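Presented below is the structure to which this report refers.
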């Protein structure tokens, strides 16, 4: 038997952070996406303990400011694509600058400097990644996927999919299904 | 982060191809470290004996003596220590059937060897860039397929 689960990433991550931080016993506040504020500066050994605790969950503390901002941009984009239905009507630039409280040109520059790509390309990559997940699950049609990801048409989704992966959605689906079959053979 | 170095390996029995590949990698704007191998056996010995950190990206030629690319790919996917590595097939074959077969057996990237150096540089830049995103942006590695 198989069951499928869907994550509310925001909630999952927040809960993990809270559990780890509570264990540390230092007052903190979670503000916004991936940001933790401490009333008092952390002692080096406290920071080490936190690093170690986070490491188990694949959470890393980002030390330089630009990379930290780039990470927050990525998280906000992920959240926008994966869960925020309201956000889909926004333009990405308006959404990010409102969410993170910086001008879009600043965000865009920091992002390009630290990630080898642009915000626009990253959004496409992330949307296609989501589309792949939905295609692999096999229970939505391409039309439904296009609608859910806010593409104007199936053709638009297919073209962007092909441009990003070099494969059509149906070839992609065939490959993933065959891989699954193979892994089930003992 | 931009100052991190991307470790890449290539196994290819053709010396000219290795040299061209090395030059193309050196011209990329990413900081890289490249290790070269003449056949699949050398590569597997290296990967299985790697005490230091494993490479982030492996380029495999399909037709090689002693151990070919397909055998390497299958061994990598069966090994608990290596199965999560990102594998790019680097081959002259452009048959849709061959390409699908390598993806089904676990390749992430399929590169049709380009016939000009300019094109090779372009393809490598695209692959490195996308691989980088997969390593830094919590994209789903299981669904990482790219054909160029």
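Chains as they are written, first to last, in this note's numbering: chain A, 177 to 362; chain B, 27 to 174.
Glycine residues also receive a C-beta, built at the ideal position from the N, C-alpha and C atoms.
Everything numeric in this text was worked out from a predicted model, so none of it was measured.
Exercise for review: Kindly say whether residue 259/A, judged by its beta-carbon, lies nearer than 7 Å to any beta-carbon of chain B.
Suggested key: Closer than 7 Å: no.
Practice item. Provide the residue span of the alpha helix (DSSP H) that contains residue 73/B, from first to last. Key: First-last of the alpha helix (DSSP H) with residue 73/B: 66-74.
Point to revise | Bridge-paired residues (DSSP) for residue 173/B | key: Looking at the DSSP output, residue 173/B bridges to 136/B.
Practice item. Kindly identify the DSSP beta-bridge partner or partners of residue 33/B. Key: According to DSSP, which records beta bridges pairwise, residue 33/B is partnered with 59/B.
Review point. Roughly how many whole angstroms lie between the Cα atoms of residue 150/B and residue 257/A?
Key: One alpha carbon belongs to residue 150/B, the other to residue 257/A, and they sit about 29 Å apart.
Point to revise | Test: residue 60/B CB closer than 7 Å to a CB of chain A | key: Not closer than 7 Å to any Cβ of chain A, the Cβ of residue 60/B fails to qualify, so no.
Check your understanding: What is the residue span of the alpha helix (DSSP H) that residue 134/A lies within?
Key -> A question about residue 134/A goes unanswered here, because the residues of chain A that appear run from 177 up to 362.
Review point. Should the segment 30-48 of chain B be regarded as contacting the segment 87-95 of chain B, the criterion being three or more beta carbon pairs within less than 8 Å?
Key: Judged by Cβ distances under 8 Å, the segment 30-48 of chain B makes contact with the segment 87-95 of chain B, as three or more pairs qualify.
Check your understanding: Could one say the Cβ of residue 115/B lies closer than 7 Å to chain A's Cβ atoms, at least one of them?
Key -> Answer no: the Cβ-Cβ gap between residue 115/B and chain A never drops below 7 Å.
Point to revise | Sequence-distant residues of the same chain with beta carbon closer than 6 Å to residue 63/B, five excluded per side | key: The beta carbon of residue 63/B sits closer than 6 Å to those of 37, 69, all from its chain and outside the five residues before and after it, given in chain order.
**Study point:** Residue-level contact to chain B via CB, residue 305/A, 7 Å cutoff
**Key:** Judged by the 7 Å Cβ criterion, residue 305/A is in contact with chain B.
Exercise for review: Spatial neighbours of residue 93/B within its chain, please: CB distance less than 7 Å, with the 5 preceding and 5 following residues excluded, ordered by chain position.
Suggested key: When the five nearest sequence neighbours on each side are left out, the beta carbons in the same chain lying within less than 7 Å of the beta carbon of residue 93/B are those of 65, 66, 67, 70, in order along the chain.
Exercise for review: Go ahead and pull the three-state DSSP assignment for residue 83/B.
Suggested key: In the displayed model, residue 83/B falls within a strand according to three-state DSSP.
Review point. Does the Cβ of residue 27/B have 16 or more other Cβ atoms within 10 Å, making it buried, or fewer, making it exposed?
Key: The pLDDT assigned to residue 27/B is 42, lower than 50, so where the model puts this residue is not dependable; a value taken from the coordinates is nonetheless given after this. By the neighbour-count rule (16 or more Cβ atoms within 10 Å), residue 27/B is not buried but exposed.
Check your understanding: Quick one: any contact between the segment 271-283 of chain A and the segment 320-327 of chain A, if contact means 3 or more CB pairs under 8 Å?
Key -> The way I'd put it, the segment 271-283 of chain A doesn't touch the segment 320-327 of chain A; fewer than three beta-carbon pairs between them come closer than 8 Å.
Practice item. Within the same chain, show all residues whose beta-carbon is closer than 6 Å to that of residue 320/A, passing over the 5 residues directly before and after it, in chain order. Key: If we look at residue 320/A and ignore the five residues flanking it on each side, it has no Cβ neighbours.
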